[in-house]
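> First the structure, then my questions, so here it is.
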Amino acid sequence: MRKTSGFSMDRRSLMKGAAGVALGATLPAGLLRPAVAAAATQITVADPGGPYSPAFRKSFYDPFEKATGIKVVNVAREAEPTAQFKAIVETKSYTWDVCTLTLSARDILMKQNLLEPLNFTAADAPGLMPDSLTSHWMGTDVYSTILGYRTDKFAANAPQSWADFWNVEKFPGRRSLRKNPIDTLEQALLADGVPLDQLYPLDVDRAFKALDRIKPHIAVWWTGGAQSSQLIQSGEVDMIALWNARAQAVIDGGAPVKIGWNQGLYSIEGWGIPRGNPRADAARQFIKFCADPARQAAFTEVLAYGPTNLDAYKSIPKERAQALPTYEENLKVMTIAKEDWWGANRSKMNERFNAWILG
Amino acid sequence: MSAATLHHDGAFAAARRRLRFGPLWLAAPGLAFLAVFFLFPVLRLLGLSVQDLETSAWTGDHYARIVATDVYFRVLMSTFRIAGLTALLSLLFGYPLAYWLAQLPERQRGLAILAVMVPFWTSYLVKTFAWMVILGRTGVINQILSGTGMPTLPLLHNEFGVMAGMVHAMLPLAVLTMLPVMTTIDRRLVQAAETLGAPPANAFWLVYFQLSLPGVAAAGLLTFISSLGFFIVPALLGGPQQTMLAQLIITQIQEMLNWAFAGALATFMLVAAMVTCWVYDRLFGLSSLSGETSGRAGGGQGHLRNAGMKTLSALAKASAALGGPVGRLLGPKMMDRLLPLYSALVIVFLVAPALVVVPIAFTTSPFLDFPPPGYGLEWFRVYFNSDLWVSATVRSFAVAFATAILATLVAGLAALALARSSSRWRGAIFAFFLAPMIVPRIVIAVGLFYLFAQIGLVATDLGLIIGHTVLALPFAFVAISAVVKGHDWRLDQAAATLGANRFRTLMLVTVPLIRGGLVAAFLFAFITSFDELTVAIFVSGGVKTTLPKQMWDDMILQLNPTLAAVSVVVFAIVMALLLIAEWLRRPAR
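These protein sequences, in sequence, are chains A and B. Here this note's numbering is used: the first residue of the first sequence is 96, the next is one more, and so on. Here this note's numbering is used: the first residue of the second sequence is 5, the next is one more, and so on.
Now the structure itself:
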């Protein structure tokens, strides 16, 4: 715990400065308290920030504090927190105790041995989807890459599959795909007629051939989640491959947009602990707490992510359930994006995709 | 002019020999700062690029991978094309505006500069989304076009969109770098040339323009090198052709966690940027910024200088040939109004995004709709009711202020040192002070995290200030160097002859005379910190949130008008501060 005392020393000495005093006057107490505090009475959770923080707070952090007496401080992490995660473990400066990780982040961190084991099994969390628990990681929510389209543009005859997205004669309009091989290669193969359950291993050459056909018709290659929702909300494009929660945010805001779940590719986001963390026990306790179906159901009231504990649907109203990726009707027309294939091929695919898109 | 400088160089050599210490010592704090907080952490990270991922044995594999395909080279080329075009356009559009500003009466100039600086106070995230709202298919311009029955234009997701966003971001930097140099030019020199029979075109190109060249060279360098590191603007406003190398480096660091290859890519870009700087130095005399040209130009570089003079004469002839007929066509009255009119247009371009952002801040829609369907204060309520937003704002202002003071002080000393030194280390030191601008920010950010973790500065405000000062130093340094270059050291000598010691000379003679450069340096450093995201992400660890970081986190799911409301609040605070500063300055005069 030497780091802890060093940290608060720095803070105190800085607080003596004029800037520190000015800050101290306006900062809420929670922010001033150093993140690395005495073990077991407080943990720091890195979540995606923004609208996620209040949602996690309401459904997980506050109930956990109430149940255990362990305080949860939340900080915002990056979309790809792996670099920070690695730095935290290697320098042993545990500013985070728990962090949300995608499957790809989990696998990369696993490979470099940067995750702390969770020490619990599927039997400890009944109802959990089998894909959402490994020895070092537990999934809490499911997101999906789906086809979003404008209902003012496609009123009666809407695109219902990636083959429709590729069909520029029958469905004229401006299109957008993500500037990334992940999901895009799968979508190309689905458009080319590969069945959903036979996608992996990906036939890469076939995928790029299919992409060649659609390339001249792609108006925008998007790079960030906020950009994708802005594109479809403003009508800059008429159909787009994007993440369901982004599309749902646009729909909830009243834009004429609809989600086509068919041939969607879902993935899971969950919790991991930086290896060697001195508060790992409290962190494990927190993660286990998040497997609770009632807590997961509460989370879906705020954000359109699917619970990983399918028992949660017992208490989710049907109208909301239909907007979630793990709702039975939605889940059965989608497939999980296979992380083991991407883990082995991502670097090569990135290079090839970048070269391809430059033309 | 060059004869005069030559003369003063000669006179100075004797004085310099007397000062055993040598003025280069003034650069020592800056050098030490950069050695600890820049060179060491960055080299440690770049060192990974020659190590094997598994065994840490020496390897050239990561570099071999770059050469194995042409994709990295092509992305490098497009990065340089975009940065080069941005710099060129910023100079072309910025020079006449700076010229116009320089000859305005001081009071009016102050007001006009406020307008030029408007883009500074809007976060680049917000600016970029404002351009999407303006240039999009359903955007402001195309709504007007289709409303008047004209065909809509493809303004976004192509090179045009990128240039609009990039030049908009870089133009104020270019103008404010050139301006202090132009205001120190003695306009009577132009009159003298005309009295001696030079046609107006010759008087401008051969006298005024030549004297303003240090400012142009500095502005070109700053805009070019800072454009090299851009990636969000090209990603959001451009198409696939506008891919930047910085983006690929970030992908390797954050998504692939392959720091060795990221280090190799960063080194690749660094070498290319350094070669470019070297060529630039040959062409425009980069080190001239620190006051070297006259001696060199008179000596070994005679051919280049002759070529330069010939180019300027040709430009003078061309503009005279063009100016004559245009002048007859428009009449003298119109000709006089041409420059103010042009300047007004450029200023409209500069404030356009702000004009979109302000109404959106008051919208009732949850989106960035323009025009807003209704007006209300909801997004301001969201902002003021959030401790996170308010504390991030306070922290950003405090950190930026501290960064600006530190960077101006350290860079000012270094610029003075270099200007008065004749050491052969000068070129190297100059390049070293520019280096933090060339190294991709993410490399600095990751390197600093490791260093800060070892000395307990992670998630502290002091860590943020140090990190931001590293990034701000080059901007402050170049801004001051450009002005110091035109400084007449004989004035300092005169003060010394009259009995002033070195400190009094510095405070009462040198500093007041180079004030323009110091103000520009302070501003650039402030803005660098205030709008900085990458270092904030790593150093803050999410605990000490700054405003750009909070904006970045808030816009994950969708863009909401809170960002616009924040921009309006920041803008109001900055304007209030500037007016108070102006009011405090008044009585003294």
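The beta-carbon is built from N, C-alpha and C at its ideal position, and this holds for glycine as well.
Which of the three DSSP states is assigned to Cys385(A) in this structure?
On the first sequence, position 290 is the one that residue 385(A) refers to. Coil.
> Hey, does Thr255(B) have any beta-carbon neighbour from chain A nearer than 9 Å?
On the second sequence, position 251 is the one that residue 255(B) refers to. With 9 Å as the cut-off, Thr255(B) counts as an interface residue toward chain A.
> So the candidates are Ile165(A), Ala432(A) and Pro388(A); which of them puts its Cα closest to the Cα of Thr136(A)?
Taking the first residue of the first sequence as position 1, residue 136(A) is located at position 41. With distances taken between Cα atoms, Thr136(A) lies closest to Ile165(A).
> Does any CB atom of chain A fall closer than 9 Å to the CB of Val574(B)?
As a first step, residue 574(B) is located in the second sequence; it is residue number 570 there, counting from the start. It does not; no Cβ of chain A falls within 9 Å.
> What's the C-alpha gap between Arg269(A) and Glu331(A)?
Numbered from 1 along the first sequence, position 174 holds the residue referred to as residue 269(A). Numbered from 1 along the first sequence, position 236 holds the residue referred to as residue 331(A). Roughly 8 Å separates the two Cα atoms.
> Nearest chain A C-beta to Asn262(B) closer than 9 Å, yes or no?
Here residue 262(B) refers to the residue found at position 258 when the second sequence is read from its first residue. Yes, because at least one Cβ of chain A sits closer than 9 Å to the Cβ of Asn262(B).
> Of all the options Gly140(B), Ala500(B) and Ala173(B), which has the alpha carbon lying nearest to the alpha carbon of Thr126(B)?
If you number the second sequence from 1, residue 126(B) lands on position 122. Of the candidates Gly140(B), Ala500(B) and Ala173(B), the one whose C-alpha sits nearest the C-alpha of Thr126(B) is Ala173(B).
> Let me confirm a value: Val352(B) is counted as buried when at least 16 other C-beta atoms fall within 10 Å, else exposed. Which label applies?
If you number the second sequence from 1, residue 352(B) lands on position 348. Exposed, since its Cβ has fewer than 16 Cβ neighbours within 10 Å.
> Taking 9 Å as the threshold (C-beta atoms), are Phe234(B) and Thr280(B) in contact?
In the second sequence, counting from the first residue as 1, residue 280(B) sits at position 276. In the second sequence, counting from the first residue as 1, residue 234(B) sits at position 230. No.
> Please give the ranges of any alpha helix (DSSP H) in the segment 304-391 of chain B, keeping only runs that are unbroken, at least 4 residues long and fully inside the region.
DSSP runs (the alpha helix (DSSP H)) wholly in the segment 304-391 of chain B: 306-365 and 382-388.
> Within 10 angstroms of the Cβ of Ala7(B), are there 16 or more other Cβ atoms? Answer buried if so, exposed if not.
Counting from one through the second sequence, the residue named residue 7(B) turns up at place 3. Note that Ala7(B) scores a pLDDT of 42, beneath 50, so its modelled location is shaky and nothing firm can be said.
> I'd like to confirm the pairing. Which residues does DSSP put opposite Glu58(B) in its beta bridges?
Here residue 58(B) corresponds to residue number 54 of the second sequence, with the count starting at 1. Glu58(B) is not bridged to any residue.
> Give the residues of chain B in contact with Leu280(A), contact being defined as C-beta atoms less than 9 Å apart.
Stepping through the first sequence from its first residue, residue 280(A) is reached at position 185. Ordered by position in chain B, no residue passes the 9 Å Cβ test against Leu280(A), which lies about 16 Å from the chain.
> Could you pull the start and end residues of the beta strand (DSSP E) that Asn357(A) belongs to?
Walking along the first sequence from the start, residue 357(A) turns up at place 262. Residues Val352 to Gly367.
> Give the straight-line distance between the Cα atoms of Gly378(B) and Leu563(B), rounded to the nearest whole angstrom.
For the purposes of this step, residue 378(B) is taken as residue 374 along the second sequence, with counting starting at 1. For the purposes of this step, residue 563(B) is taken as residue 559 along the second sequence, with counting starting at 1. Rounded to whole angstroms, Gly378(B) to Leu563(B) spans 18 Å at the Cα level.
> Hey, quick one: how far does the beta strand (DSSP E) through Ala218(A) stretch, first residue to last?
Your numbering for residue 218(A) matches position 123 in the first sequence. Segment: none, Ala218(A) is in no beta strand (DSSP E) and carries neither H nor E.
> Using beta-carbon positions only, say whether Ala419(B) and Thr181(B) come within less than 9 Å of one another.
Counting from 1 along the second sequence, the entry for residue 419(B) is found at position 415. Counting from 1 along the second sequence, the entry for residue 181(B) is found at position 177. No; because the gap between Cβ atoms is not below 9 Å, this pair is not in contact.
> Kindly provide the ranges of any alpha helix (DSSP H) runs that are 4 or more residues long and lie completely inside the segment 146-227 of chain B, ordered along the chain.
Listed in chain order, they are 163-187 and 192-199.
> Just tell me which of Val171(B), Trp135(B), Trp104(B) and Tyr128(B) has its CA closest to the CA of Ala87(B).
For the purposes of this step, residue 87(B) is identified with residue 83 of the second sequence, where counting begins at 1. When each option's Cα is compared against that of Ala87(B), the closest is Val171(B).
> Report the residue from Phe151(A), Asp157(A), Pro221(A) and Leu419(A) whose alpha carbon sits nearest the alpha carbon of Val428(A).
As a first step, residue 428(A) is located in the first sequence; it is residue number 333 there, counting from the start. Taking only the C-alpha atoms, the option nearest Val428(A) is Leu419(A).
> Using beta carbons (cut-off 9 Å, strictly below), is Leu561(B) in contact with chain A?
Locating residue 561(B) in the second sequence gives position 557, counting from the first residue. Yes - at least one Cβ of chain A is within 9 Å of the one on Leu561(B).
> Just the C-alpha distance for Ala116(B) and Ala102(B), rounded to the nearest angstrom, thanks.
To locate residue 116(B), count along the second sequence from 1; it is residue 112. To locate residue 102(B), count along the second sequence from 1; it is residue 98. Distance between the alpha carbons of Ala116(B) and Ala102(B) is about 10 Å.
> Between Val315(A) and chain B, is the shortest Cβ-Cβ distance under 9 Å, so that the two count as touching?
By 1-based counting over the first sequence, the position of residue 315(A) is 220. Interface residue, yes.
> Does Phe25(B) get closer than 9 Å to chain A when you measure Cβ to Cβ?
If you number the second sequence from 1, residue 25(B) lands on position 21. Its pLDDT being 48, under 50, Phe25(B) is placed unreliably by the model, and the measurement read from it follows with that caveat. So no, Phe25(B) is outside the interface.
> If you reduce the DSSP assignment to three classes, tell me which class Gly267(B) lands in.
Taking the second sequence and counting its residues from 1, one reaches residue 267(B) at position 263. Of the three classes helix, strand and coil, the one that applies to Gly267(B) here is helix, per DSSP.
> Out of Ile382(A), Lys433(A) and Ser271(A), state which residue places its alpha-carbon closest to the alpha-carbon of Gln328(A).
Within the first sequence, residue 328(A) is the residue found at index 233, counting from 1. Taking only the C-alpha atoms, the option nearest Gln328(A) is Ser271(A).
> Is there a Cβ from chain B that is less than 9 Å from the Cβ of Pro123(A)?
Mapped onto the first sequence, residue 123(A) falls at position 28. Its pLDDT being 40, under 50, Pro123(A) is placed unreliably by the model, and the measurement read from it follows with that caveat. Pro123(A) counts as touching chain B.
> Given a cut-off of 9 Å, decide if Ala270(B) and Val443(B) are closer than it, judged by their beta-carbon atoms.
By one-based count along the second sequence, residue 443(B) stands at place 439. By one-based count along the second sequence, residue 270(B) stands at place 266. Cβ distance < 9 Å, so Val443(B) and Ala270(B) count as in contact.
> Out of Gly490(B), Leu343(B) and Leu308(B), which one is the CA nearest neighbour of Phe288(B)?
Translated into positions along the second sequence, residue 288(B) becomes position 284. Ranking Gly490(B), Leu343(B) and Leu308(B) by Cα distance to Phe288(B) puts Leu308(B) first.
> Less than 9 Å between the C-beta atoms of Gly140(A) and Val168(A), yes or no?
For the purposes of this step, residue 140(A) is taken as residue 45 along the first sequence, with counting starting at 1. For the purposes of this step, residue 168(A) is taken as residue 73 along the first sequence, with counting starting at 1. Going by the sequence as given, residue 140(A) is Val instead of Gly. A contact, by the Cβ cut-off of 9 Å.
> Find the nearest neighbour of Glu325(A) within the set Val513(B), Trp135(B), Glu536(B) and Thr532(B), judged by alpha-carbon distance.
The residue labelled residue 325(A) in the question sits at position 230 within the first sequence. First, the residue type needs correcting, since residue 325(A) is Gln and not Glu in the sequence shown. With distances taken between Cα atoms, Gln325(A) lies closest to Trp135(B).
> Which whole-angstrom value is the C-beta distance of Pro344(B) and Trp104(B), which I expect to be below 8 Å?
In the second sequence, the residue the question calls residue 344(B) occupies position 340. In the second sequence, the residue the question calls residue 104(B) occupies position 100. Confirmed, about 7 Å.
> Should Val414(B) and Leu510(B) be called a contact, given that it needs their Cβ atoms to be closer than 9 Å?
Within the second sequence, residue 414(B) is the residue found at index 410, counting from 1. Within the second sequence, residue 510(B) is the residue found at index 506, counting from 1. It is not a contact, given that the beta carbons lie outside the stated cut-off.
> Name the two residues that bound the continuous alpha helix (DSSP H) containing Asn440(A).
The count along the first sequence starts at 1 and reaches residue 440(A) at position 345. Run containing Asn440(A): Glu434 to Leu453, per the alpha helix (DSSP H) assignment.
> In the DSSP assignment, find the beta strand (DSSP E) that holds Lys166(A) and state where it starts and stops.
If you number the first sequence from 1, residue 166(A) lands on position 71. Per DSSP, Lys166(A) belongs to the beta strand (DSSP E) from Lys166 to Ala171.
> Going by beta carbon distance, what residues of the same chain come within less than 7 Å of Ser154(A), once the five residues before and after it are set aside?
Taking the first residue of the first sequence as position 1, residue 154(A) is located at position 59. Hits under 7 Å: Arg390, Ala393 and Phe394.
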